[in-house]
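**Student:** For reference, the structure I am asking about is given below.
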Amino acid sequence: MKNNESIKIRDNQVINGDCIEALRSVDSDTVDLTFFDPPFNQGKDYLHFDDEQPTEEYWKWIDEVLDLINKKSSQGAAIYFMQREKNTEEVLHALRKTGWTFQNLIIWRKMTSAVPSEIRYGKQYQIIVYATKGDKPRIFNKLRANVPLPKNYKTERRNGVLLTDVWDDIRELTSGYFAGDEAIRDKNGNRMHTQQAPLALLLRVILSSSLPGDTVLDPTAGTGVTAMVASQLKRKSISIEIDPNYFELIKNRLSSLRKADDIVKLRAYYSPTEKLDEIWPYARPLDNFLFDKQQVIT
Ligand SMILES: C[S@@+](CC[C@H](N)C(=O)[O-])C[C@H]1O[C@@H](n2cnc3c(N)ncnc32)[C@H](O)[C@@H]1O
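In structure tokens:
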């Protein structure tokens, strides 16, 4: 497939096309951080992706994408690869094969949903593997957060808590009621993209593994959450999305930020982080945007 369109919205490049083709035209040494949230090959209904491929073909595709990202990344660049826990073994193998060094297996524990089973425990988390190009990350900002005290906990915390590899404080956007305001909907109230990741997740990834001015890549961008958060944090971004409808959605989302997408509300949570102003410039980049423009795509 040919790339249909590539546009720039301030420091954000948005490309409508196949990620492998689009990545080939990205200069080497450009990408400082990648968030990779591909379809999971679990039979979901994507218009432009066969989500029920033979396992081998699917992982061949993943290998090719990971390898290209590695080639386009700067030394020490980070990747966060999200997948279902069932595929942990394949994810670790694919990353190692394509030149990435394992750093953490992050457990993103869901707050309001689980996949039930008759024969095993219900599944309540997704994995996010954090890896780097080379042994040492070029940037790793240790975040501290005002995580709520456990019940009956007596000692007050003066300096928040250092984050660990278990993330149980970020609520997923479920398909139903709990999806809340952040979920992008069409004019009939239906979700535009059922795999939309929460901005709090990308905020954590981008704050931890990049600095203002860095370039953040999302090769399977969906609703453009990565670019939308990167832009507010004064990072540059490259988003690639194969589906033209989602491409329109990303353009729309970046051109006129909604109140629900404003990350400033989460700043107090990270206030105990050392030198927070350096990794999260306080100037409100949103002032230039129009808030609350309808996100309806016809
Ligand atoms: C799991 S979703 C990503 C959701 C995204 N993280 C978000 O928060 O909105 C995967 C996306 O990859 C896109 N996609 C599938 N194959 C692709 C390809 N070859 N190149 C680029 N994008 C692709 C799908 O259309 C889908 O929107």
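For reference, each letter of the sequence shown is one residue, going 49 to 346 in the numbering used here.
Built from N, CA and C at the ideal position, the CB exists for glycine as well.
#1: List the endpoints of the continuous alpha helix (DSSP H) containing Leu255.
#2: In whole angstroms, what is the alpha-carbon distance linking Val256 and Gly270?
#3: Compute the minimum distance between the beta carbon of Asp66 and the heavy atoms of ligand 1, and state whether it is under 8 Å.
#4: Have a look at Lys190, Trp215 and Arg219 and flag the residue whose alpha-carbon is nearest the alpha-carbon of Asn207.
#5: When DSSP builds the beta bridges, which residues end up paired with Leu266?
#6: So, do the segment 269–286 and the segment 308–325 have three or more beta carbon pairs nearer to each other than 8 Å?
#7: Might you give, ordered along the chain, the residues of its own chain that have their beta carbon closer than 8 Å to the beta carbon of Ile232, omitting 5 neighbours on each side?
#8: What do you get for Pro267, buried or exposed, if any count of 16 or more other CB atoms within 10 angstroms of its CB means buried?
#9: Take Ala227 as the anchor and find which of Asn64, Met159 and Arg168 has the nearest alpha-carbon.
#10: Which residues does DSSP list as the beta-bridge partners of Thr180?
#11: Taking all protein chains shown into account, do 16 or more other C-beta atoms lie within 10 angstroms of the C-beta of Thr180, making it buried, or fewer, making it exposed?
#12: What separation, rounded to the nearest whole angstrom, lies between the Cα atoms of Gln131 and Glu204?
#13: Taking the alpha carbon of Gln123 as the point to measure from, which residue in Ser304, Thr274 and Lys184 has its own alpha carbon closest?
#14: Three-state secondary structure (DSSP) at Gln61?
#15: What's the call for Tyr330, buried or exposed, on a 16-neighbour Cβ count within 10 Å?
#16: Which stretch, first to last residue, makes up the alpha helix (DSSP H) that contains Phe295?
#17: Just checking Val348 against ligand 1 - is the residue's beta carbon closer than 8 Å to any of the ligand's heavy atoms?
#18: Nearest-angstrom Cα distance between Ser319 and Gly261?
#19: Grouping DSSP H, G and I as helix and E and B as strand, with all else coil, what is Ala162?
#20: Are the beta-carbon atoms of Ile187 and Leu259 separated by less than 9 Å?
#21: Contact check, Ile117 vs Ile110 under 8 Å by CB: the rounded distance?
#22: Which term fits Thr212, buried or exposed, when burial requires 16 or more other beta carbons within 10 angstroms of its beta carbon?
#23: Could you give the residue range of the alpha helix (DSSP H) that holds Leu71?
#24: Measuring only the C-alpha atoms, how far is Thr321 from Glu69?
#25: Can you find a heavy atom of ligand 1 that lies under 8 Å from the Cβ of Glu166?
**Tutor:** Straight from the coordinates:
#1: On the sequence shown, position 207 is the one that residue 255 refers to. Counting along the chain, the alpha helix (DSSP H) containing Leu255 begins and ends at Leu247 to Ser257.
#2: Locating residue 256 in the sequence shown gives position 208, where the first residue counts as 1. Locating residue 270 in the sequence shown gives position 222, where the first residue counts as 1. As written in the sequence, residue 256 is Ser, which differs from the Val given in the question. Whole-angstrom Cα-Cα distance: 22 Å.
#3: Taking the sequence shown and counting its residues from 1, one reaches residue 66 at position 18. The answer is yes for Asp66.
#4: If you number the sequence shown from 1, residue 207 lands on position 159. Ranking the options by Cα distance to Asn207, first place goes to Lys190.
#5: As a working note, residue 266 is residue 218 in the sequence shown. For the record, residue 266 in the displayed sequence is Asp; it is not Leu. Partner(s): Ser287.
#6: yes
#7: As a position in the sequence shown, residue 232 is number 184, starting the count at 1. Only Arg239, Met240, His241, Gln244, Thr271, Leu297, Arg301 and Gln343 meet the Cβ criterion.
#8: Indexing the sequence shown from 1 puts residue 267 at position 219. With 16 or more other Cβ atoms within 10 Å, it is buried.
#9: Walking along the sequence shown from the start, residue 227 turns up at place 179. The residue with the shortest Cα to Cα distance from Ala227 is Met159.
#10: In the sequence shown, counting from the first residue as 1, residue 180 sits at position 132. Per DSSP, Ala126 and Thr149.
#11: In the sequence shown, the residue the question calls residue 180 occupies position 132. Per the 10 Å Cβ criterion, buried.
#12: As a working note, residue 131 is residue 83 in the sequence shown. As a working note, residue 204 is residue 156 in the sequence shown. Their backbone Cα atoms lie some 36 Å apart in a straight line.
#13: Working through the sequence shown from its first residue, we reach residue 123 at position 75. The shortest Cα separation from Gln123 among Ser304, Thr274 and Lys184 belongs to Lys184.
#14: Counting from one through the sequence shown, the residue named residue 61 turns up at place 13. Strand, per DSSP.
#15: Sequence index remark: in the sequence shown, residue 330 carries index 282 (1-based). Result: exposed.
#16: Numbered from its first residue, the sequence shown carries residue 295 at position 247. Run containing Phe295: Pro292 to Ser303, per the alpha helix (DSSP H) assignment.
#17: No answer is possible for residue 348: it lies beyond the span of the chain, which begins at 49 and ends at 346.
#18: In the sequence shown, the residue the question calls residue 319 occupies position 271. In the sequence shown, the residue the question calls residue 261 occupies position 213. Spanning the two alpha carbons is a distance of roughly 22 Å.
#19: Start at 1 with the first residue of the sequence shown, and residue 162 comes out as number 114. Coil, per DSSP.
#20: Sequence index remark: in the sequence shown, residue 187 carries index 139 (1-based). Sequence index remark: in the sequence shown, residue 259 carries index 211 (1-based). Yes, these two residues count as a Cβ contact at 9 Å.
#21: Position 69 of the sequence shown, counted from the start, is the residue given in the question as residue 117. Position 62 of the sequence shown, counted from the start, is the residue given in the question as residue 110. Actually they do not touch by this definition, with Cβ atoms about 11 Å apart.
#22: As a working mapping, residue 212 is identified with position 164 in the sequence shown. With fewer than 16 Cβ atoms within 10 Å of its Cβ, Thr212 is classed as exposed.
#23: Taking the sequence shown and counting its residues from 1, the one referred to as residue 71 is at position 23. Looking at the DSSP string, the run of the alpha helix (DSSP H) that includes Leu71 is Cys67 to Arg72.
#24: For this step, residue 321 is matched to residue 273 along the sequence shown. For this step, residue 69 is matched to residue 21 along the sequence shown. Computed Cα separation, rounded: 39 Å.
#25: Position 118 of the sequence shown holds residue 166. It does not: the Cβ of Glu166 is nowhere closer than 8 Å to a heavy atom of ligand 1.
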